Each structure stands twice: as structure tokens, then as C-alpha cells.
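Residue numbers for the sequence shown follow our numbering, so the first one is 5 and each next one is one higher.
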Amino acid sequence: MNIEEKRILVTGVAGFIGSNLTDRLLNLGANVIGVDNLFNGRLENLEEALNYKHFQFHKGDIRDLNFLLDIFKDIDIIFHEAAFTSVPQSIKMPESCNDVNINGTLNLLNAARKRDVKKIIFASSSSIYGDTPTLPKIESMPRIPISPYGVTKLTCESYMQVFHQVYGLNTISLRYFNVFGPRQQDSPYSGVIAIWLGQIIKNKNLIIFGDGNQSRDFTYIKDVVQANILAAENKISGEILNIAAGSPIKLLDLAKLMLKLTNKEDLGINFDLPRPGDIIHSFADISKAKEVLKFQPKYTQELGLRDYFEWYCKKYGINLKIK
Ligand code: UD2
Numbered sequence: 005m006n007i008e009e010k011r012i013l014v015t016g017v018a019g020f021i022g023s024n025l026t027d028r029l030l031n032l033g034a035n036v037i038g039v040d041n042l043f044n045g046r047l048e049n050l051e052e053a054l055n056y057k058h059f060q061f062h063k064g065d066i067r068d069l070n071f072l073l074d075i076f077k078d079i080d081i082i083f084h085e086a087a088f089t090s091v092p093q094s095i096k097m098p099e100s101c102n103d104v105n106i107n108g109t110l111n112l113l114n115a116a117r118k119r120d121v122k123k124i125i126f127a128s129s130s131s132i133y134g135d136t137p138t139l140p141k142i143e144s145m146p147r148i149p150i151s152p153y154g155v156t157k158l159t160c161e162s163y164m165q166v167f168h169q170v171y172g173l174n175t176i177s178l179r180y181f182n183v184f185g186p187r188q189q190d191s192p193y194s195g196v197i198a199i200w201l202g203q204i205i206k207n208k209n210l211i212i213f214g215d216g217n218q219s220r221d222f223t224y225i226k227d228v229v230q231a232n233i234l235a236a237e238n239k240i241s242g243e244i245l246n247i248a249a250g251s252p253i254k255l256l257d258l259a260k261l262m263l264k265l266t267n268k269e270d271l272g273i274n275f276d277l278p279r280p281g282d283i284i285h286s287f288a289d290i291s292k293a294k295e296v297l298k299f300q301p302k303y304t305q306e307l308g309l310r311d312y313f314e315w316y317c318k319k320y321g322i323n324l325k326i327k
């Protein structure tokens, strides 16, 4: 399936991943209908998209079936990015996380089935693997989430597979590993890279939860967008694929790298208690995505950080000398 001229629906369109994906889809010539309840998403993220005449935005909630049925007309593909996205917040509010992620996704699948949508690509997460010691994490290994957020993502993956098997819907789950880049918010519940960049701009020390030996396979947003487009164009269905850079970095090394790249090595690193529900090591085997989708990450963590910092400085008129 070629995405140009397709009718595409993006949930969570005003969020970090949804808005980046939408800009690329519009650029490729797709018609995009965007949905967001603007709880976490921001209209500011749609500044570019709103310039396209083949873009429509609808404010609404994926838990509202009538809202979805009203706007689902001749949709070819759904990219489902709307979610309750924070591990620590899911620990504080497991019911809300369950409601948005599981009930919202089931609602979306039901609406898709009723309206004969052809394909759904779901934003899953590396959190479904939990803390099992085997590394790298491969799709076939046991999945034992250790946070409510991880449980919801795993349940949604199962729903994607069941809707493929039982109702013949074409579904794919992409397990993103710690995505970062432009438009990620600097809020206490956001990704660590956005939080640390905020600290750097404010000339404040970085805080590491734990000893900094935990590792993550940070993945640049442009590679995640690439993976989604490849998945949309591919005929596979009912599959689950890891999407990552495929190389881990320890949190302490990441902190040092960010300080070095921004010329802020004078700032310190403080250590705080480990975060409940935190996974120690996360590192992806991406051979399946490479083989099936021909996915090839183009950004190492350092390249991604540079691209992100340059975008940030330009966007907010900040004068950081990127090394
Ligand atoms: C999880 C998922 C990720 C994505 C994300 C959505 C894993 C391995 N990853 O990310 O794929 O779904 O949830 O939110 O489950 N940290 C600090 N200082 C800070 C902030 C964070 O040290 O100021 C640490 C944190 O304790 C953790 C690491 O940084 O060890 C990454 O945290 P995060 O919140 O960026 O992402 P994480 O791994 O919970």
C-alpha cells in the first residue's frame, strides 16, 4: 500500500509522536484526519499540519464511540498514538491509564471494524518486556510488564492480534523503545531527555533516579516515523515488531553526553532514589523490523541528540553552542 493519497487517521495527533508522524504523512501527500482530546497534546504541535488543506483536526476522545463513528469515513489506515504515556503516572493512577489505553484502544478497534477501516498501526512500548534479564529484548521472549502502563500496552497488543485473527482487521504493533526528539514536553512525566534538556537550558543540575547504571535504547523520532511509514506500506498483519536504535546507553553516560554536546559540563549530576516500576536495562533486537520492514535506523543517539538540540534552539531562539 502506498501512502500517498490515502485517507489516514492519526490519534494523539497533537502529541509528540502523532504530530511528527502527521507532518511527514502530509508531506508525502496523504490526507490526514487528526484526533486529540488535547489533554497532553498541544495545538502548537499542529502549526505546520494546519497549513495543509488535506489536514483536518477533530478535538475528541478515543473513549467516545459516537465521536469516532462520526469521523471514521473511508479511512484506509489508522496510526494509533493517543495514550496515557507515563510509567510513574500509571503507578499513581492505574485506573486512568487502563481507561485511556485499554478502553480507548478497544473502542477504536470496534469503530474501525464497524467502519471497515483497512489497517491499524499501534504504538506499543518496550515496557511490555519488564525486567526479565535476557538482553537484547526480542519479540518472541516472555513479556512480564512491571508497571500498569506496561500492562495496558501489552493488553492492547493482544487486542490488535485478536482483532486480526477474529475479525480480519489488518493490525500491526510497533514496540517503540524510549523515543525522543522535537516536541517532547519538558514535564515531570515526560521522557528523560526532554526533562534534562529543560534543566540544561535553565542551567540546573541533572537528576538521575538510581545509580545511573540503568540503560535505555533511546530511539530518535525520525526513525520511529520511518518505521510507521514502512509498516503502513507493508502487507504484513497481526505482527509485533521492536522499533529502536538497537544500541543501549547508560543513563549516566547519556547525562555526560548531553552536558558535553551542549557545552554545559560545568553543570552537576545529582542522584536520587530509584523510581518505582523502573526497568533496569532495555535494549532491542531489531532484526525482525530490519528483515520484515527493511527498517534501518539512521540516527545514533548522538546524532539524534544533535538534531533535537538544533531544532530546539532554532524553535525557541536559544543560544546553545552544540559541540
Ligand atoms: C518507558 C518505556 C518507553 C516508553 C515510555 C513512555 C521502558 C524501558 N521504556 O520509558 O518505551 O513507552 O515509558 O513514557 O519501559 N530518569 C532520570 N531522571 C529524570 C527522569 C528519568 O534518571 O529526571 C530515568 C528513569 O528513572 C529511567 C530513565 O531515566 O530509568 C528513562 O525514564 P523515562 O521516563 O524517560 O522513560 P521510561 O524508561 O520509563
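Even glycine gets a Cβ: it sits at the ideal position worked out from N, Cα and C. Nothing here was measured: the structure is a model prediction, and the numbers come from that model.
What did DSSP end up calling residue i once you bin it into helix, strand or coil?
| i | result |
| --- | --- |
| residue 175 | strand |
| residue 227 | helix |
| residue 28 | helix |
| residue 72 | helix |
| residue 103 | helix |
| residue 303 | coil |
| residue 143 | coil |
| residue 241 | coil |
| residue 121 | coil |
| residue 20 | helix |
| residue 253 | strand |
| residue 236 | helix |
| residue 290 | coil |
| residue 246 | strand |
| residue 168 | helix |
| residue 93 | helix |
Among the options, which residue has its Cα nearest to the Cα of residue i?
| i | options | result |
| --- | --- | --- |
| residue 328 | 159, 211, 270, 282 | Here the chain has residues from 5 to 327 only, and residue 328 is not among them. |
| residue 95 | 280, 299, 319 | 280 |
| residue 212 | 255, 190, 39 | 255 |
| residue 24 | 87, 188, 150 | 188 |
| residue 305 | 174, 16, 253 | 253 |
| residue 125 | 133, 167, 100 | 167 |
| residue 384 | 60, 20, 41, 45 | Residue 384 falls outside the range modelled here, since the chain spans only 5 to 327, and no answer is possible. |
| residue 263 | 202, 232, 287, 219 | 202 |
| residue 9 | 43, 57, 17 | 57 |
| residue 314 | 186, 86, 100 | 186 |
| residue 257 | 288, 231, 296, 216 | 216 |
| residue 178 | 130, 116, 245, 230 | 245 |
| residue 297 | 260, 303, 235 | 235 |
| residue 277 | 327, 143, 15, 214 | 214 |
| residue 127 | 118, 117, 114, 106 | 106 |
| residue 319 | 134, 51, 115 | 51 |
| residue 65 | 181, 108, 152, 285 | 108 |
| residue 30 | 42, 43, 13 | 13 |
| residue 3 | 260, 53, 49, 42 | Outside the modelled stretch of the chain, which goes from 5 to 327, sits residue 3, for which no answer is possible. |
| residue 73 | 117, 32, 99, 83 | 117 |
| residue 218 | 248, 286, 170 | 286 |
Taking the alpha-carbon positions, what's the residue i to residue j distance?
| i | j | result |
| --- | --- | --- |
| residue 146 | residue 323 | 46 angstroms |
| residue 273 | residue 210 | 5 angstroms |
| residue 91 | residue 291 | 26 angstroms |
| residue 275 | residue 226 | 31 angstroms |
| residue 121 | residue 80 | 6 angstroms |
| residue 47 | residue 22 | 12 angstroms |
| residue 19 | residue 190 | 13 angstroms |
| residue 78 | residue 150 | 39 angstroms |
| residue 134 | residue 283 | 6 angstroms |
| residue 129 | residue 181 | 6 angstroms |
| residue 231 | residue 101 | 25 angstroms |
| residue 26 | residue 36 | 7 angstroms |
| residue 67 | residue 303 | 35 angstroms |
Going by beta carbon distance, what residues of the same chain come within less than 6 angstroms of residue i, once the five residues before and after it are set aside?
| i | result |
| --- | --- |
| residue 184 | 195, 197, 222 |
| residue 62 | 39, 75 |
| residue 308 | 224 |
| residue 141 | 133, 288 |
| residue 123 | 81, 174 |
| residue 259 | 210, 273 |
| residue 165 | 242 |
Report yes if the C-beta of residue i is less than 7 angstroms from at least one heavy atom of the ligand UD2; otherwise report no.
| i | result |
| --- | --- |
| residue 147 | no |
| residue 89 | yes |
| residue 282 | yes |
| residue 177 | no |
| residue 181 | yes |
| residue 45 | no |
| residue 220 | yes |
| residue 251 | no |
| residue 100 | no |
| residue 255 | yes |
| residue 191 | no |
| residue 213 | yes |
| residue 170 | no |
| residue 75 | no |
Closer than 7 angstroms by C-beta to residue i: which residues in its own chain qualify, once you throw out the five before and the five after it? Chain order, please.
| i | result |
| --- | --- |
| residue 193 | 90, 92, 93 |
| residue 16 | 22, 40, 45, 85, 86, 87 |
| residue 268 | 204 |
| residue 266 | 204, 313, 324, 326 |
| residue 310 | 265, 326 |
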